[in-house]
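Here is the structure we will look at.
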Amino acid sequence: MALSFRFRENDCGISVVVGDDLLGFDAFIKGPAGTPYEGGTFKVRINIPAEYPMQPPVATFKTEIWHPNISSMSGYVCLDTLGSKWVGCMNFRAVLLSLQNLLMNPEPADPQDAVVGGQAQRDLRDTAEMWTHIFAGGCFVFLFIIHCLILLNLVTFI
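In our numbering, the protein residues as written are 1010 to 1167.
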């Protein structure tokens, strides 16, 4: 049995689904307005370590995303508040709001993904918008075509 809830209206764009797994849950974050992620909905898996709250939860984007602080291969998030600057009193609401804020304020100078971080800012935005449209915007037909082209080695993303 899964439990689903949304944060209050002023925290717009974040919902959570808690299933039977007590050591993790899925969150869905809408891409913030005015960013290349606008119009997309991104699934994020939050895993809770046994040492929590002394150790931070691990956030992994399950929806593919082009962002300098999120691995385009694994979805792993590089965020100081989920690493060296973690404080045990930080709750899950704050974690999810930090992830949403990361979409609004990427840190290309401290990238998790060197390829994404190395792109010029304009190219980064264009590629991020394309990935949002393909992977997070509900365009399944286009997604299917792109995946087929990649499998046939007819197109690659650099």
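Every residue, glycine too, gets a C-beta built ideally from N, C-alpha and C.
{"Asked": "Is the number of C-beta pairs between the stretch 1026 to 1039 and the stretch 1101 to 1114 that are closer than 8 Å three or more?", "Found": "yes"}
{"Asked": "Beta-carbon within less than 7 Å of Glu1047's beta-carbon, same chain only, minus the 5 sequence neighbours each way: which residues are those?", "Found": "Gly1040, Pro1041"}
{"Asked": "Going by alpha carbons, who is nearest to Val1025 out of Ile1055, Asp1122, Val1096?", "Found": "Ile1055"}
{"Asked": "Taking Cβ to Cβ, would you say Cys1087 is nearer than 8 Å to Asn1100?", "Found": "no"}
{"Asked": "Taking the alpha-carbon positions, what's the Glu1018 to Ala1145 distance?", "Found": "Confidence in Glu1018 is poor, its pLDDT being 47 and thus under 50, which makes the residue's placement unreliable; the coordinate value appears in the next sentence. So the alpha carbons of these two residues sit roughly 22 Å apart."}
{"Asked": "With distance defined between alpha-carbon atoms, name the residue in Gly1092, Thr1069, Ala1118 nearest to Pro1062.", "Found": "Gly1092"}
{"Asked": "Going by beta-carbon coordinates alone, are Thr1044 and Met1113 separated by less than 8 Å?", "Found": "yes"}
{"Asked": "Hey, out of Val1104, Pro1058, Tyr1085, whose CA is closest to Lys1071's CA?", "Found": "Tyr1085"}
{"Asked": "Grab the span of the beta strand (DSSP E) containing Val1067 for me, first residue to last.", "Found": "1067 to 1070"}
{"Asked": "Would you mind reading off the limits of the alpha helix (DSSP H) that contains Asp1029?", "Found": "No alpha helix (DSSP H) contains Asp1029, which DSSP labels as neither H nor E."}
{"Asked": "With a threshold of 16 other CB atoms inside 10 Å of the CB of Gly1028, please say whether the residue is buried or exposed.", "Found": "exposed"}
{"Asked": "Considering only the beta carbon of each residue, do Ala1137 and Trp1075 sit closer than 8 Å?", "Found": "yes"}
{"Asked": "Just tell me which of Gln1121, Val1104, Val1067 has its CA closest to the CA of Leu1032.", "Found": "Val1067"}
{"Asked": "Can you tell me whether DSSP reads Ile1055 as helix, strand or coil?", "Found": "strand"}
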